[in-house]
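One structure is given here, and the rest of the page talks about it.
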Amino acid sequence: MHANPSKALHPLSDIAAAPPDPILGLSDAFKADTNPDKVNLSVGVFQDETGKSPVLECVKRAEERLLANESTKSYMPISGDPAYGRHVARLVFGEETADSGRVATIHAPGGTGALRVAGDFVRHLLGPRRVWLSDPTWPNHPGIFRAAHLETEVYPYFDAAANAVAFEAMREKLDHLPEGDVVVLHGCCHNPSGADLTPEQWRALADTLRARSLLPLVDFAYQGFGDGLDPDAASVRALVEAGLDILVSSSFSKNFGLYRERVGALSVVTESPDATARVLSQLKAVIRTNYSNPPAHGGSIVTAILDDPELTELWKEELSAMQSRIAGTRKAFVEGLKDAGAVRDFSFLERQKGMFSFSGLDRGQVDRLREEHSIYIVGSGRINVAGITPANLEYLCKAIVSVL
Ligand code: LMR
Numbered sequence: 000m001h002a003n004p005s006k007a008l009h010p011l012s013d014i015a016a017a018p019p020d021p022i023l024g025l026s027d028a029f030k031a032d033t034n035p036d037k038v039n040l041s042v043g044v045f046q047d048e049t050g051k052s053p054v055l056e057c058v059k060r061a062e063e064r065l066l067a068n069e070s071t072k073s074y075m076p077i078s079g080d081p082a083y084g085r086h087v088a089r090l091v092f093g094e095e096t097a098d099s100g101r102v103a104t105i106h107a108p109g110g111t112g113a114l115r116v117a118g119d120f121v122r123h124l125l126g127p128r129r130v131w132l133s134d135p136t137w138p139n140h141p142g143i144f145r146a147a148h149l150e151t152e153v154y155p156y157f158d159a160a161a162n163a164v165a166f167e168a169m170r171e172k173l174d175h176l177p178e179g180d181v182v183v184l185h186g187c188c189h190n191p192s193g194a195d196l197t198p199e200q201w202r203a204l205a206d207t208l209r210a211r212s213l214l215p216l217v218d219f220a221y222q223g224f225g226d227g228l229d230p231d232a233a234s235v236r237a238l239v240e241a242g243l244d245i246l247v248s249s250s251f252s253k254n255f256g257l258y259r260e261r262v263g264a265l266s267v268v269t270e271s272p273d274a275t276a277r278v279l280s281q282l283k284a285v286i287r288t289n290y291s292n293p294p295a296h297g298g299s300i301v302t303a304i305l306d307d308p309e310l311t312e313l314w315k316e317e318l319s320a321m322q323s324r325i326a327g328t329r330k331a332f333v334e335g336l337k338d339a340g341a342v343r344d345f346s347f348l349e350r351q352k353g354m355f356s357f358s359g360l361d362r363g364q365v366d367r368l369r370e371e372h373s374i375y376i377v378g379s380g381r382i383n384v385a386g387i388t389p390a391n392l393e394y395l396c397k398a399i400v401s402v403l
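Right, here's the structure in full:
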């Protein structure tokens, strides 16, 4: 007999509410805000000059073909369409490595899904070990790995005073980690700081990881938003060249604009085709008890585009246009802040890569921007530069200067 029959009947009544998500929760608050001047610089979604996040033209054309030609809605293989996997591996590693037999790629529901598969794989197959995250990092990273029952810790990454990567401190820390721990690295366009390692630093980092037998897990969600598809992949490729086993999570939310289709991938490189095949079999076992097999649509779009040279060309043009708009916006933002009377030197914003910038605004300033001006920025002071448009630039810059 239960002491309290009502409690036994309603085991869900005492569940406490979870706090809103630090990023996606802000989008809900933004939607509910009735101020016509409101500006959303929180979630990392690309917006064009008019503040819209349109479907890419290459995606529209690929979808037309899929609609005309799709012949079944039967299940996907657990690891996804092999053609998709091949395309992703080539984008990330280049043809030679992708075709070496040492790479396996599974289609995951978004970059988040890929990271969770990686976390589950590490926990189940390698056992308990710590996962090291950059300080700062994407606020969802700790939660993903903790959900996989892995302990997380941080390594120094960003020097706020210098507005640059604290590379020596980072290396020094990694140099003293226990063998076998996992190090999560941002392949390019570091989220949230926008500060990346140089190619030389990636090579030096590879030496450290090798010397300590650490396992790199690269979160590669912004390929093409930094310096271009291949230059951005120099990070991952430096680790592969150093002969490290490596896990890479890709996302096609940003570079194909496929956010809501949840399309991503997890790739693994090992020292031999045989080891890779065994790892792949275990990844499949992990996936089977999670989401069984991936949703097809997003991956089919990416495959249709990369299967066709004309659509691939169109995609590269559209990706490059998104990247250029962000670079141009960074410039306009720095000038806008100066014109609005900012005394602080914000020129570092122009040197940061990708969608995000660490503005240097503190929690109090971020709160005031939201409460007094309906400007939504992540609590860490991270700004989604792609949310700045010619129409909101002046309003934004004046508001920022008013809270400095
Ligand atoms: C972001 O950092 O804003 C994006 O990666 C979207 C997300 O899921 O948080």
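Sequential numbering of the sequence shown, starting at 0, is according to numbering that gives the first Met the number 0. Even glycine gets a Cβ: it sits at the ideal position worked out from N, Cα and C.
Distance, residue j Cα to residue i Cα
i, j, result
"Asn68", "Leu348", "46 Å"
"Ser70", "Ala31", "41 Å"
"Ile376", "Pro155", "23 Å"
"Arg211", "Asp174", "7 Å"
"Gly186", "Ala7", "49 Å"
"Ser358", "Ile399", "10 Å"
"Leu23", "Val42", "6 Å"
"Pro141", "Glu260", "24 Å"
"Ala88", "Ala341", "45 Å"
"Asp20", "Asp134", "19 Å"
"Thr311", "Gly225", "19 Å"
"Asp366", "Glu48", "26 Å"
"Ser299", "Trp314", "15 Å"
"Ala147", "Ala17", "19 Å"
"Arg64", "Ala303", "8 Å"
Contact with chain B by residue i, beta-carbon distance below 7 Å
i, result
"Ala274", "Considering every chain present, this structure includes no chain B. It has just one protein chain."
Distance cut-off 6 Å: residue i Cβ against heavy atoms of the ligand SAH
i, result
"Ile77", "In terms of ligand content, the structure shown lacks the ligand SAH and carries the ligand LMR instead."
The alpha helix (DSSP H) enclosing residue i, as first and last residue numbers
i, result
"Ser319", "308 to 338"
"Pro389", "Where Pro389 is concerned, there is no enclosing alpha helix (DSSP H), given that its DSSP letter is neither H nor E."
"Asp226", "Counting along the chain, Asp226 falls outside any alpha helix (DSSP H), and DSSP gives it neither H nor E."
"Ser234", "233 to 240"
"Thr275", "272 to 287"
"Phe92", "81 to 92"
"Leu348", "347 to 350"
When the options are compared against residue i, the one with the closest alpha-carbon
i, options, result
"Thr33", "Gly380, Ile374, Leu265", "Ile374"
"Ala339", "Arg115, Asp36, Tyr394", "Tyr394"
"Val121", "Leu243, Leu216, Ser323, Pro76", "Leu216"
"Ala284", "Ile22, Glu94, Asp119", "Asp119"
"Ile245", "Val262, Val333, Ser266", "Ser266"
"Thr96", "Ile300, Val239, Gly256, Arg369", "Val239"
"Gly263", "Ser26, Met75, Phe219, Arg362", "Phe219"
"Tyr258", "Asn292, Leu318, Gly109", "Gly109"
"Trp131", "Trp137, Arg115, Glu152, Val116", "Glu152"
"Gln46", "Ser401, Asn391, Ala146, Cys396", "Asn391"
"Pro76", "Pro272, Ala107, Ala113, Pro191", "Ala107"
"Pro177", "Arg209, Glu94, Ala16", "Arg209"
Unbroken beta strand (DSSP E) run spanning residue i, endpoints
i, result
"Pro177", "Looking at the DSSP string, Pro177 is not in any beta strand (DSSP E), and its letter there is neither H nor E."
"Thr197", "No beta strand (DSSP E) contains Thr197, which DSSP labels as neither H nor E."
"Asp218", "214 to 219"
"Glu150", "150 to 155"
"His185", "181 to 185"
"Val267", "263 to 268"
Worksheet item: Who sits around the ligand LMR, taking every residue whose Cβ is closer than 5 Å to one of its heavy atoms?
Response: Those residues are Ile22, Val42, Gly43, given in chain order.
Discussion item. Suppose only complete runs of 4+ residues qualify. What are the alpha helix (DSSP H) ranges in the segment 94 to 139, listed by chain order?
Written reply: 94 to 97, 109 to 120, all fully within the segment 94 to 139.
Practice prompt. Can you check the segment 9 to 60 for any beta strand (DSSP E) of at least 3 residues that lies completely inside it and give the ranges in chain order?
Written response: None, since the segment 9 to 60 contains no complete beta strand (DSSP E) of that length.
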